[in-house]
Structures are given as structure tokens and as C-alpha cells.
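Since the structure comes first, as C-alpha cells, the remarks are kept for the end.
There are 2 protein chains.
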Amino acid sequence: MAGRKSSGVLELAVLGLLHETPMHGYELRKRLNALLGMFRAFSYGSLYPCLKRLVEQGLIVEDRPEDDDPGGALLLQSRRSKIVYKLTADGKERLQELLTEAGPAAWEDEGFGVRFAFFSHTRADVRLRILEGRRSRLEERLESFRAALARTRERVDSYTLELHNHGLESVEREVRWLNELIGRERAEQAGGRSKRPDERAEEASADDTSDGDR
Amino acid sequence: MAGRKSSGVLELAVLGLLHETPMHGYELRKRLNALLGMFRAFSYGSLYPCLKRLVEQGLIVEDRPEDDDPGGALLLQSRRSKIVYKLTADGKERLQELLTEAGPAAWEDEGFGVRFAFFSHTRADVRLRILEGRRSRLEERLESFRAALARTRERVDSYTLELHNHGLESVEREVRWLNELIGRERAEQAGGRSKRPDERAEEASADDTSDGDR
DNA sequence: GTTAGCATGTAAGGAGTTACATGATTTT
DNA sequence: AAAATCATGTAACTCCTTACATGCTAAC
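Protein chains in written order, with our numbering: chain A, 1 to 214; chain B, 1001 to 1214.
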């Protein structure tokens, strides 16, 4: 209902973490960096404004502990203390919306990590699409990178070469990881239903549109 | 002489590439993305303003081909065509300055890749310090991440776990890579001089200030 | 002659950081 | 009672992206 547009990793990560359990900002940041710390770290300077925006959008609500003192008698009010944030119904809906979109945002570097972290709240078919999308994206990157290298027939010094190889191997490693995950997802999905033999055909065709690997 | 402050990966990458050979913007961007494409990609919207700044700072100069037509006779002038940029003496100095600073900027994620790409223009002792700095940085990250995990004694779902393991392994892999590079650098440096036994002491002391590994 | 790719740029804006400013609570 | 850490926030700024606007050059 309130101001739309925001996206970004932070919003999703905050909604995801608050879905598990209500928290205040400071703790949120720690959990955030424990969750994604290997990829990126957020500062308070981005977290608090984000929380503010989410409140404005009605996706989360502040739970100030002033409400604990109904008479308002003894303690000086506004003891600016912990503000616990929790998800609203709209927030849950928005989270689900974000976790369900299987577009570029979901498989680009920044977006993928967070979405993967919350995969247990994501529909199985969407999980598979995101994993495959990510894999395609990486394969594209490998391909265009190798093509660029081939064009550069000029001498490359040993450090540049070393960097390129390390980069390539990193990405190849992630592709192998994705392959394994995709395999597991498919096995689980196949085992999970066991009826509907027609769906196997769907899977197979989705397979050759998406890539040319293995 | 002109406005200072700018830093950033782009500036360094542009200076580094132009040091190898003069180029125009469009080609520069391709080479840029061929060099660092596995880590990041730049758009024209950031490249051209960057070139403009570098010109203002006197670090590069434009070489417009209008000068090819001394009489200015036949062709309509200002045939807005390729603008070839090349490094000035100040630019070379600045590049050297950037490649020589062995501080946090050199081993944080964004800065490390570019600097490594131009390692062949970097002094051997600086190379070693940067590699060691990067390794320390990653080891710090591993440590604080594992500490955060230990604190989170709560249940982690299998996807989060999977993400954490993949992240950890990626970083551990880079540490192993760095170990190998550092070993090579040291061997080369030790073999390269063979005189001056006092320098070994310097190396040894530099060693224990920088990290606590092995 | 029109599409595709080469080439240069600008304006508006998004996403996040640093540095600062403040206060509460816990530990030593 | 001092120091550390918990806790919340803001203002200014950086770096880069997207979308747009333009024009040249080669290929089909």
C-alpha cells in the first residue's frame, strides 16, 4: 500500500531473518553477517534506514518495550531501548513474493546467496529454476570469458594468467556445486511425488533448453 | 596538480591497461572486462566519466585523430571519432604509487584482483606484502565466521549449512592458492639475490608481524 | 538502405559506506 | 567508576548502474 520499489539484498535478508524470529537491529546485523558474512557485510548505516523503509512500507512493525508499562507510571518513558522488529502479514507476503520470483535478480551474484540461504522457504520448483538459472549464468560467464581470452592472442604475463585460472576454477567449482545441488533437488522432487509420469517429460525438456552440460 | 581523491578499482585498472598500450574507451572497456570479467564488469556509464576525471587530473591525455589532417581542408572537422587515451608521466607515477601501497585497499576483495593483475609492474617486496595481507584478511574472515557459527548454536537448515560450507571452502581454497603464490614469491626472491644474508632477517621479522599462520 | 556493431557521452538515481553523534547496559 | 559492548540513528558521500541520446562504420 505504501511506497513501492526498493529491492536489494538487504530488504530480502531482513525479511527472511525476521520471518524466523523477531529481533532488534543490532542483533539483526550480527545474524545478517553470520548468514552472509562470507560474501558481504552490512553496516548499521544501511541497516537502520532499511528498517525504517520497511516500517514505512508496512512490511515490519516496531515493538517498542514502552508498551510493557501500561500505566506509564514509574519509569521515565521513552527509555530509548531495544526496538524489536517483526514481520507483518504484508511482510510475509512480500517475502514470499521475493522468494518466488525466479528471474535474473535471483541468480546474479548479489541476489543468489541470500535467496539460497532462505531456500527452505522457497517452493521446490522455484528452487530448481533458480539453481539452473544460476548455473546458466555462470556458464555464460565462463564462455564469454574464454572467448575474450581467445581474442586476446597477445602475450599475457604469468600473473594475469594465474588470476584468470583462479577465476575460472572458482566459477567451475561453483558450477560443479550447482550440478550436485540440482541433482539432489531433482531426485527429491522425483521421489517426493512418484505419481504423474508426465512430469518427467517436462523436466527433460526444461533440461535441454536451459543448458548444454553433462 | 588538479583535483585529488578518487581511488577505486576503475581508476587503477584504466591506468594499468593504458600503461600497456594506448586505447580508446570502447576497447578499454572490453579489455577491462576481459581482465576482471570473472569478478566484476564495468559499464560505459562509469568508464567515460572516469576517463574524464583522469584527464582533468592530468594522468592521461586524449589523442584525437583530428590532428591527422594538418591543413584541415577536405574533411568536415570534428568527425567525432575514436579518442585514444594514453598515460602521461604523472599517470605512470600515480600508477606506480597505487601499485606500491600495501594497505587494506590492496587486499580487500575489490582492490586485490586488480592489483594482482598488474603484479608484474609491482615491486617484489610489495607483492609479497599484499599476498600476505590478503591471506591474513581471509583468515580473519574465516575465524570470525566460524566464531559466529559457534555462537549460533540454534538449528540451521540444510540449505544454510550448504551455503556456509561452500563459502568456507571457497575462502579456504583461496588461502591455499595464496600459500602457493607466497611460497613461489619467497623462493624467487631467495634465489634472485643469493647475496646479502642480512635481508633474510628482515624477511623473518616481517613474517611474524604480519600473521600467525602455519 | 537497413540492421548490427562500434564509439562517445550525460542525467538521474540506487545501494551501500564512513564518520559521526548519542545513550544504555554489562563487565572489570 | 572506567571500559567495553550493546544499541540506535543521521548526513554526507562514493561508486557504479540504467536509461537515454547521439552519431559513425561495416555488413547484408
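Ideal Cβ placement from N, Cα and C applies to all residues, glycine included.
| query | result |
| --- | --- |
| Helix, strand or coil at A:Leu59 [DSSP, three-state] | coil |
| CB contact flag (A:Leu15, A:Gly91, <7 Å) | yes |
| Cβ of A:Tyr159 within 7 Å of any chain B Cβ | yes |
| Simplified DSSP state of A:Leu74, which is helix, strand or coil | Low confidence applies to A:Leu74: its pLDDT is 42, below 50, so where it sits in the model is not reliable, and the reading given next is rough at best. Coil, per DSSP. |
| Close beta carbons around B:Gly1008, own chain, < 7 Å, minus the five adjacent residues each side | none |
| Where B:Gly1008 falls: helix, strand or coil (DSSP) | coil |
| Where the beta strand (DSSP E) containing B:Val1084 begins and where it ends | 1084-1087 |
| Neighbourhood of B:Glu1256 by C-beta distance below 8 Å, restricted to the same chain and skipping five residues each side | In the structure as shown, chain B begins at 1001 and stops at 1214. Residue 1256 of chain B is therefore absent and cannot be evaluated. |
| Distance between B:Thr1088 and A:Val114 (C-alpha atoms, nearest Å) | 44 Å |
| Beta bridge counterpart(s) of B:His1024 as assigned by DSSP | B:Val1084 |
| Spatial distance of B:Glu1185 from B:Ala1124 (CA atoms) | 8 Å |
| A:Arg135 versus A:Leu149, A:Asn165, A:Val171, residue with shortest Cα-Cα distance | A:Val171 |
| CB of A:Ile130 within 7 Å of CB of A:Ala102, strictly | yes |
| Assigned exposure category for B:Gly1111 - 16 Cβ within 10 Å defines buried | buried |
| Close Cβ partners of A:Asp63 (< 8 Å) along its chain, the five nearest in sequence each way excluded | Pro22, Ile83, Val84, Tyr85, Lys86 |
| 7 Å Cβ cutoff met for B:Arg1240 and B:Leu1017 | Residue 1240 of chain B is absent from the structure shown; chain B starts at 1001 and stops at 1214. |
| Contact with chain B by A:Met23, beta-carbon distance below 7 Å | no |
| Contact list for B:Ala1148 against chain A, beta-carbon separation under 8 Å | Lys30, Asn33, Ala34, Gly37 |
| Among B:Ala1041, B:Arg1094, B:Tyr1044, B:Gly1183, the one whose alpha carbon lies nearest that of B:Gln1057 | B:Arg1094 |
| Within-7 Å CB hit, B:Thr1100 to chain A | no |
| Three-state secondary structure assigned by DSSP to A:Glu174 | helix |
| Test: B:Leu1059 CB closer than 7 Å to a CB of chain A | no |
| DSSP state of B:Phe1112 mapped onto helix, strand, coil | helix |
| Chain-ordered neighbours of B:Ala1117 on chain A, where CB pairs are closer than 8 Å | Tyr159, Thr160, Leu163 |
| Alpha carbon of B:Leu1275 to alpha carbon of B:Asn1179, nearest angstrom | There is simply no residue 1275 of chain B to check, as chain B begins at 1001 and stops at 1214 in what is shown. |
| Contact test: B:Arg1031 Cβ vs the ligand COA heavy atom, cutoff 6 Å | Judged by which ligands are present, the structure shown has none, so any question about the ligand COA falls away. |
| Proximity of B:His1166 and A:Trp177 at Cβ, strictly below 7 Å | yes |
| Contacts that B:Trp1177 makes with chain A (C-beta to C-beta distance below 8 Å) | His166 |
| Any C-beta of chain B under 7 Å from that of A:Ser120 | yes |
| Interface partners of B:Phe1042 on chain A, CB under 8 Å | Those within 8 Å of B:Phe1042 in chain A number zero; the least Cβ separation is about 14 Å. |
| Rounded C-alpha distance that separates B:Asn1033 from B:Arg1040 | 7 Å |
| Sequence-distant residues of its chain with Cβ nearer than 6 Å to B:Gln1189 (five each side left out) | Ala1124 |
| Cβ-based neighbour list, B:Leu1047, same chain, cut-off 8 Å, excluding 5 preceding and 5 following | Leu1010, Val1014, Gly1025, Leu1028, Arg1029, Leu1032 |
| Chain A within 7 Å of B:Phe1145, Cβ atoms only | yes |
| Buried versus exposed, by CB contacts within 10 Å (16 or more), A:Ala106 | buried |
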